[in-house]
Each structure stands twice: as structure tokens, then as C-alpha cells.
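For my numbering, add 107 to where a residue sits in the sequence shown, where the first one is 1.
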Amino acid sequence: MKVAINKPGNFIRKFKNPIKVKGLNNLNKIGIKLVAISLALIIPIILLGTISYKQASEAVTTVAENSTIQTMKQSEKYLSVLIDNIESISMQIFTNADVQKYYSMEAEINAYELITARGNVDKFLSGIYMANKYIADIVIVANNSKTYTTSGYSNYQLTLDSIIGTANLKEIIDAGGKAFWLGSHPEIDNKRTNYTSMKYPMSLVRPIKNLSTGELLAMLYIDIKSDIIKNLLEEIQLGNNSEIHLISPDNQDVYHIFSEENSNDTHDVNIHEQDFFQSIRNGEEVSGSFIHGYKGKDHLITFYKIGKTGFIILGVVPLSELYSQTRRIAVFTTVLVIIAVLFSIVLGSITALSMNKSINSIIKSITKAASGDLTEIPQTKRRDEFGVLTKSIAYMIQNMSNLIKQTMIISNRVKEYAITVSDTSQQVSAVSQEVSRAIQEISEGAASQANDAEQSVLYMSNLAEGINNVYESATVIDDVSKKALDLTQVGLVSVEDLNKKAGETTAIINTIISDIQALDSNSKIIGKIVKVIDEIADQTNLLALNAAIEAARAGDAGRGFAVVAGEVRKLAEQSLNATREIGEIIASNQEQTSKVYQRAIASQDILNSQNEAVENTVATFNNIASHMQLLHEKLEDILARITQIGEEKDLSLQSIQNISAVSEETAASTEEITASTQEQLSSIEQLAANAYELGQEAQKLSDEINKFKIL
108 MKVAINKPGN
118 FIRKFKNPIK
128 VKGLNNLNKI
138 GIKLVAISLA
148 LIIPIILLGT
158 ISYKQASEAV
168 TTVAENSTIQ
178 TMKQSEKYLS
188 VLIDNIESIS
198 MQIFTNADVQ
208 KYYSMEAEIN
218 AYELITARGN
228 VDKFLSGIYM
238 ANKYIADIVI
248 VANNSKTYTT
258 SGYSNYQLTL
268 DSIIGTANLK
278 EIIDAGGKAF
288 WLGSHPEIDN
298 KRTNYTSMKY
308 PMSLVRPIKN
318 LSTGELLAML
328 YIDIKSDIIK
338 NLLEEIQLGN
348 NSEIHLISPD
358 NQDVYHIFSE
368 ENSNDTHDVN
378 IHEQDFFQSI
388 RNGEEVSGSF
398 IHGYKGKDHL
408 ITFYKIGKTG
418 FIILGVVPLS
428 ELYSQTRRIA
438 VFTTVLVIIA
448 VLFSIVLGSI
458 TALSMNKSIN
468 SIIKSITKAA
478 SGDLTEIPQT
488 KRRDEFGVLT
498 KSIAYMIQNM
508 SNLIKQTMII
518 SNRVKEYAIT
528 VSDTSQQVSA
538 VSQEVSRAIQ
548 EISEGAASQA
558 NDAEQSVLYM
568 SNLAEGINNV
578 YESATVIDDV
588 SKKALDLTQV
598 GLVSVEDLNK
608 KAGETTAIIN
618 TIISDIQALD
628 SNSKIIGKIV
638 KVIDEIADQT
648 NLLALNAAIE
658 AARAGDAGRG
668 FAVVAGEVRK
678 LAEQSLNATR
688 EIGEIIASNQ
698 EQTSKVYQRA
708 IASQDILNSQ
718 NEAVENTVAT
728 FNNIASHMQL
738 LHEKLEDILA
748 RITQIGEEKD
758 LSLQSIQNIS
768 AVSEETAAST
778 EEITASTQEQ
788 LSSIEQLAAN
798 AYELGQEAQK
808 LSDEINKFKI
818 L
């Protein structure tokens with residue numbers, strides 16, 4: 108038989124043309140990708156800055172709206188108090204007897220009486236004027252030279268008939284005696300002969316009518332000092348370049364502008380002519396805020412209506428001033444993004460250059476290794492994945508070098524072994540003769556061994572039947588133990604549930620005891636309060652008796668008081684009787700509470716005993732469950748071992764049968780081996796020839812390996 112051997116002569120020659128590496132400059136794309144990834148990571152920073160700026164702007168707007176409305180609300184409260192005082196003063200003037208008398212007098216009456224009445228009116232009005240520092244002027248316009256003012260301006264031309272036809276006064280007079288608030292009253296200002304300029308931001312107007320006949324006697328005007336309103340508006344701080352306005356029902360605007368120049372002369376827009384103000388005036392909202400364009404910019408508009416006077420406090424704040432602080436977030440985010448972009452570009456470039464250096468070193472080593480030069484080993488100081496890759500390639504080249512060395516050694520040994528095989532083949536030929544005689548003796552022993560194996564099969568069959576019976580009995584016991592374990596688990600769950608319910612009952616009893624104790628304490632407190640009421644009733648009864656005695660002494664003048672004293676005494680006696688009944692009820696409640704408390708304490712002791720019994724039961728069930736679990740585990744272990752014995756029994760039986768069959772086959776095979784031995788002798792001769800050829804091929808392999816350069 109001839110053995111074929113593959114010739115590896117061209118194996119190494121395939122690697123004489125190394126792989127050409129193209130496009131190393133494309134490694135720069137790694138840097139671009141790294142920079143792109145870094146720039147992508149900056150997007151969350153931009154989103155964070157944008158969201159932060161938006162939320163901060165919304166928060167600033169909300170805080171500004173709330174704080175402005177709260178400030179306006181405080182100002183509205185102050186103005187409401189001021190308005191109530193002025194209306195109260197106007198009502199005092201309206202109902203004052205001297206005012207009613209003076210303005211009801213006819214012109215033909217005695218001059219002395221007129222002068223006296225006017226003096227009383229002047230004294231009364233001057234006292235009001237001097238007592239209220241916030242009043243700028245009190246004017247009463249009437250006919251017959253009865254017009255009066257506390258400011259001292261000349262008003263001889265000012266009469267009731269001269270102003271009664273104006274539009275504002277018609278509405279005021281038709282409304283009865285109701286007070287109206289206005290921002291101006293040109294009907295009297297224009298008729299003062301020496302009037303030049305008298306500033307008043309608010310003025311109350313009310314008709315004075317005869318209390319008996321309802322006849323219109325005069326018109327009352329009470330002006331508020333402008334400093335009061337000016338100081339109030341200046342205290343409402345809304346920020347730089349903001350405006351605060353107090354607008355009257357007749358669209359008179361008193362305002363203050365908060366600016367760095369602190370000047371109020373720049374207000375050149377009639378705010379009451381703005382469309383948003385008309386919406387505020389006509390709307391039903393008492394206060395509110397919104398963003399609207401004003402003077403070419405967006406402003407936060409807030410307003411608050413002062414009661415039913417028609418006056419409106421209006422705040423105007425530029426959004427640019429509100430958002431001045433939040434702009435810092437935008438600037439900071441922009442600077443941070445620019446720094447992050449520059450940092451990403453620099454870091455990506457440095458990383459790409461470092462990666463490029465490592466990759467070039469790896470490619471250089473691999474290229475030389477592909478051409479058979481294993482002397483170039485890549486080196487690196489990196490500790491990242493590229494460092495691991497470089498070290499792995501260096502380890503691979505070293506292993507290849509070691510493999511070539513080992514192959515050279517093995518090649519030399521193959522040549523030596525080929526010679527040895529040739530010599531050994533001749534020796535094997537002689538030994539084969541001896542093997543043929545030994546095979547004949549083995550054939551005789553195999554026949555005897557086959558008889559013994561058949562007897563062993565019979566014995567193993569009997570043993571297998573006994574093992575099967577034991578396995579069936581153990582299976583029945585395991586099923587019974589499983590059912591017992593399941594029943595034990597069900598009982599344990601029930602007892603644990605009972606233990607939980609007992610604990611809940613104990614907690615409820617403890618709560619009831621606490622409530623009973625609190626009820627008993629409250630009953631004692633109520634008893635003390637009832638005792639105090641009883642003492643008060645006794646004192647009230649005594650005082651009523653004394654009052655009755657004093658009323659009797661007073662005679663007819665004290666008769667009504669005597670009736671009241673009698674009723675008070677009856678109420679005191681009824682209170683006394685009621686407190687006594689309450690005391691009896693509280694005593695009964697305390698007695699019942701004490702009994703319930705004692706019973707609850709007894710129930711608590713019983714429940715504690717019950718809890719102990721339940722806990723003992725739980726422990727017993729747990730003990731039973733653990734033992735049943737142990738029994739179940741042991742039975743399963745027995746079943747597993749019996750199963751293993753059955754399997755080993757089957758294997759033993761099969762092995763004995765195999766031995767019997769093999770013994771028979773061995774006897775037959777020995778005869779065939781004898782014939783094969785002769786053929787083997789011829790094969791050994793062929794083996795010697797092949798060994799010589801193997802030595803020749805090993806020499807060629809050694810020549811090819813020598814082409815590699817190794818360390």
C-alpha cells in the first residue's frame with residue numbers, strides 16, 4: 108500500500124508579493140469623525156442653555172407679574188383707605204347741620220345770621236382741612252355768593268348755575284347723592300379768577316342736597332394732594348425704564364417713570380389712548396398682566412382697579428429690562444459652546460494624530476511580516492485599545508517567529524525519524540511471525556471467555572428485577588411526602604394569616620384604649636369647664652338679684668331694668684340646672700369609660716396570650732415543614748441513586764453481553780489477523796520506501812523555512 112505525501116514546496120512562495128496598503132492619508136478621516144462626535148456632544152449643552160434661558164425668562168416674567176400685582180394690591184389697599192376716609196368726610200360735610208342750614212338759607216335773610224352760619228361752616232371745613240394732611244382743597248360751589256374754598260383762591264365768578272350744565276355734573280346729579288371720583292374738574296378751575304395751577308391727581312365730587320326736600324343746594328369737591336399720590340407711585344419700584352400710571356375715569360394720567368436720568372419729562376404717549384388700555388378699562392378683571400407692544404418694544408403690562416372709583420393703577424415694564432439677567436445665561440452658554448467646539452477640534456486632532464502614529468507602526472510591521480521578515484516588532488507606550496492591538500500584533504509576530512524555529516527543529520527530526528523508521532521496519536517483519544503464533548493462543552482463550560459471559564448475563568437479569576421493585580416503592584413514598592409537605596405549607600399560611608389578624612386586633616385594642624384614655628381626659632376637662640359655668644351662673648344669679656333690688660329702689664324709672672334682671676336671673680337658673688345635668692352625664696360617662704377601659708385592658712391580656720399561642724403554632728408548623736422538606740430531599744436523593752444504579756445495571760448487563768459477543772468475534776477475528784499479518788509484512792517493506800521519500804521532502808521543507816528572517 109502506497110501512502111501519498113503533499114509537497115509544500117510553493118507554500119512560502121505565495122507570500123513573496125506583500126499586500127499593498129493604499130490611502131494611508133484617509134486615516135485623517137478618523138480625526139474628522141472624532142471632531143464630529145465631540146461637536147455632536149455639544150448639542151445637549153446648547154439645548155440646556157436654550158431651555159435654561161427660556162425657563163429663566165418665563166420665571167422672571169412670572170415673578171415680575173406676581174410681585175408687581177402684589178405691590179399694586181398694597182397700593183390699592185392704601186388708596187382704598189384714603190378713598191373711604193374722603194368719602195366719609197364728604198358724608199360728614201353733606202349731613203352737617205351747619206352746612207345744611209347755611210346753604211338752605213334764602214338770600215333775603217338777616218345778614219348777621221348769614222355771616223354767623225358762614226362762620227360756622229368755615230370753622231367746620233377748616234377743621235377738617237387742617238386735620239387731614241392729604242386734602243389739598245375743599246370746594247363747595249353754590250349760588251348767591253355762597254361758594255367756599257379752603258385754598259383761598261378767588262372764586263367770585265364760580266356759581267352753581269354756571270357749572271350745572273356740564274356733562275360730568277349732569278351724570279353726577281342724576282345719580283342722587285352718590286360720590287364720584289374724577290381726575291380733574293375744569294368746570295370750576297377755569298372759573299377761578301386768580302387760579303393758575305393747582306395740581307390734584309384725584310378729586311371727589313358729590314352733590315349737597317337738602318336732607319328734607321332733596322333740593323340741590325351745592326356741589327362738593329374734595330381734592331387730594333398730588334404729593335400723596337406721587338410718593339405712592341414712586342414707592343412702586345418696577346425696575347429701570349419702567350412706568351407706573353394712575354389713570355382716572357376721565358382719563359387723567361398721573362405717572363412716574365423710573366429711569367437712570369430720573370426724569371419724568373419724556374412721557375410723550377397718551378397711554379389711555381392705547382388699545383390695550385381700552386381692553387383693561389372695558390374688561391371685568393380687577394387685576395391682571397399681559398405682554399403687549401408699547402413705544403415700539405414689548406412690555407409687561409400689569410394693572411389693578413381701585414374698587415368702584417374707576418381709577419386704575421397701570422405698570423409698564425420693558426421686557427428687555429426683565430430679561431437683562433437671563434441674557435447672561437445665553438452669553439455664558441454661547442461662550443461655553445465656543446470653548447467646547449475649540450476644545451473638541453484640538454482634542455480630536457491630537458487623538459487622530461496619536462492614532463495615526465500607532466496605526467502606521469502596526470502597518471509597517473505587518474507589511475514586513477507578510478514578506479517573510481519577522482524581525483520588525485511594533486512598539487507602543489499607549490494603554491488604550493490601540494496599545495492592546497499593537498501588543499497583540501507584536502505577540503503574534505513573536506509567536507510566528509517561534510513557530511518557524513520549532514518547524515525547523517521538527518523538520519530535522521523528521522529526517523532522523525525517517526531513517527529510524529526504515530531500520531525499524533525490518534525488525535517489525537521478524538516480530539510479526541511471533542505475533543501470528545500469539546494470536547492462535549488468544550483464539551482459544553476467547554472461546555472459554557464467551558461461555559463465562561453468558562452465565563453472568565443470567566445473574567444480572569435477576570439483580571435488575573430486584574432494583575426495579577425497590578424503585579417503585581421509593582416513588583410511592585416520595586409522592587406521599589410531597590402531598591404532606593404541600594398540606595403543611597397550606598396550614599402554615601393559614602396560621603400566619605391568623606397571626607397577622609391577631610396582631611391587627613391587638614393594634615385596634617391598643618388604639619381603643621388610647622381613645623378611651625383621651626375621652627376620659629376630655630370628660631374631666633369638660634367637668635372643669637361645667638364647674639366654671641356653674642360658678643358663673645351663681646354669680647349671674649346673684650348679680651341679677653342685686654340688679655332687681657336696685658331697679659326696685661329706682662321706682663318707675665327702673666321698671667324696665669327690673670324685667671331684664673328677672674330674665675337674666677331665669678337664664679342663670681336655667682344655666683345652673685343645665686350645668687348640673689351635664690355634670691351628672693359627664694360623671695356617668697366617666698364611670699362607663701372606666702368600665703370600658705378595664706374591659707379593653709382585659710381583652711388586651713387575652714389577645715397577648717392568643718398571640719403567643721399563634722406564634723407557637725407558627726413555629727411548630729415551620730418545624731414540621733422543615734422536617735418534611737428534609738424527608739422529601741432524602742427521598743429524592745434515594746430515587747436518584749436507585750435510578751443511577753438501574754442505569755449502571757443496564758450498562759453492566761450490556762457490557763457483559765458485549766463481552767460475550769466480542770469473545771465470539773475475537774475467535775473469528777484471530778484467523779483473519781493471521782492472514783492480515785502476511786499482508787502487513789509487504790506493507791512494512793513499502794513503509795521503508797516511503798520513509799526514505801519523507802526524508803527527502805523534509806529536506807525541501809527546511810530549505811523553504813530558511814527563507815524567513817527571524818530573531
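Glycine included, each C-beta is placed from N, C-alpha and C at the ideal position.
Contact belief for residue i with residue j at Cβ below 8 Å, rounded distance in angstroms
{"i": "S349", "j": "M309", "result": "Rounded, the Cβ-Cβ distance is 22 Å, inconsistent with contact."}
{"i": "I511", "j": "S472", "result": "Their Cβ separation, rounded to whole angstroms, is 16 Å, which puts I511 and S472 out of contact at 8 Å."}
{"i": "G479", "j": "F815", "result": "5 Å"}
{"i": "L311", "j": "A282", "result": "Going by Cβ atoms, the distance from L311 to A282 rounds to 13 Å, so no, they are not a contact pair."}
{"i": "A581", "j": "I763", "result": "Not confirmed; about 26 Å, so no contact."}
For residue i, the first and last residue of its enclosing beta strand (DSSP E)
{"i": "M309", "result": "M309 to K316"}
{"i": "A249", "result": "From DSSP, A249 is part of no beta strand (DSSP E); its letter is neither H nor E."}
{"i": "K404", "result": "K404 to K412"}
{"i": "V423", "result": "I419 to P425"}
{"i": "D360", "result": "D360 to F365"}
{"i": "L289", "result": "F287 to L289"}
{"i": "I280", "result": "First-last for I280: A274 to D281, but that is the alpha helix (DSSP H), not the beta strand (DSSP E)."}
Residue i versus residue j: straight-line alpha-carbon distance, rounded
{"i": "I812", "j": "Q806", "result": "10 Å"}
{"i": "F439", "j": "A143", "result": "23 Å"}
{"i": "G802", "j": "T514", "result": "15 Å"}
{"i": "A525", "j": "E541", "result": "25 Å"}
{"i": "I329", "j": "K316", "result": "16 Å"}
{"i": "I656", "j": "A644", "result": "18 Å"}
{"i": "S759", "j": "A775", "result": "24 Å"}
{"i": "Q344", "j": "D641", "result": "60 Å"}
{"i": "L649", "j": "D627", "result": "33 Å"}
{"i": "I780", "j": "L794", "result": "19 Å"}
{"i": "Q595", "j": "Q699", "result": "For clarity, residue 595 is Thr in the given sequence; the question names Gln instead. So the two alpha carbons sit approximately 46 Å from each other."}
{"i": "L460", "j": "N797", "result": "59 Å"}
{"i": "I446", "j": "S456", "result": "15 Å"}
{"i": "N377", "j": "N203", "result": "41 Å"}
{"i": "I689", "j": "T613", "result": "34 Å"}
{"i": "I500", "j": "T458", "result": "21 Å"}
{"i": "I817", "j": "A782", "result": "53 Å"}
{"i": "E804", "j": "S468", "result": "38 Å"}
{"i": "L454", "j": "K140", "result": "12 Å"}
{"i": "K475", "j": "I158", "result": "57 Å"}
Burial state of residue i (16 or more Cβ within 10 Å)
{"i": "E392", "result": "exposed"}
{"i": "V246", "result": "buried"}
{"i": "N629", "result": "exposed"}
{"i": "P314", "result": "buried"}
{"i": "E561", "result": "exposed"}
{"i": "A218", "result": "exposed"}
{"i": "S187", "result": "exposed"}
{"i": "V206", "result": "buried"}
{"i": "F384", "result": "buried"}
{"i": "P293", "result": "exposed"}
{"i": "K608", "result": "exposed"}
{"i": "H352", "result": "buried"}
{"i": "E772", "result": "exposed"}
{"i": "K253", "result": "buried"}
First through last residue of the alpha helix (DSSP H) which encompasses residue i
{"i": "P293", "result": "P293 to D296"}
{"i": "F231", "result": "A218 to A238"}
{"i": "L340", "result": "S333 to E342"}
{"i": "S211", "result": "A204 to S211"}
{"i": "F384", "result": "D382 to N389"}
{"i": "L267", "result": "L267 to I270"}
{"i": "I378", "result": "From DSSP, I378 is part of no alpha helix (DSSP H); its letter is neither H nor E."}
CB contact below 8 Å: residue i versus chain C
{"i": "D205", "result": "This model lacks chain C altogether; it includes just one protein chain."}
Check: Between the stretch 398-409 and the stretch 268-285, do three or more beta carbon pairs fall short of 8 Å?
Finding: no
Note to self: With three or more beta-carbon pairs closer than 8 Å as the criterion, would you say the stretch 685-704 touches the stretch 610-623?
What the structure shows: yes
Item checked: the stretch 582-599 touching the stretch 710-717, judged by at least three CB pairs closer than 8 Å -> no
Check: Do the stretch 414-430 and the stretch 209-226 touch if we need at least three Cβ pairs shorter than 8 Å?
Finding: no
Note to self: Within 8 Å, do at least three Cβ pairs link the stretch 659-671 to the stretch 719-736?
What the structure shows: no
Next item on the list: Please determine if the stretch 185-202 and the stretch 226-246 are in contact, where contact requires at least 3 C-beta pairs separated by less than 8 Å.
Entry: yes
Item checked: Segment contact, 8 Å Cβ cut-off, at least three pairs: the stretch 329-343 with the stretch 358-366 -> yes
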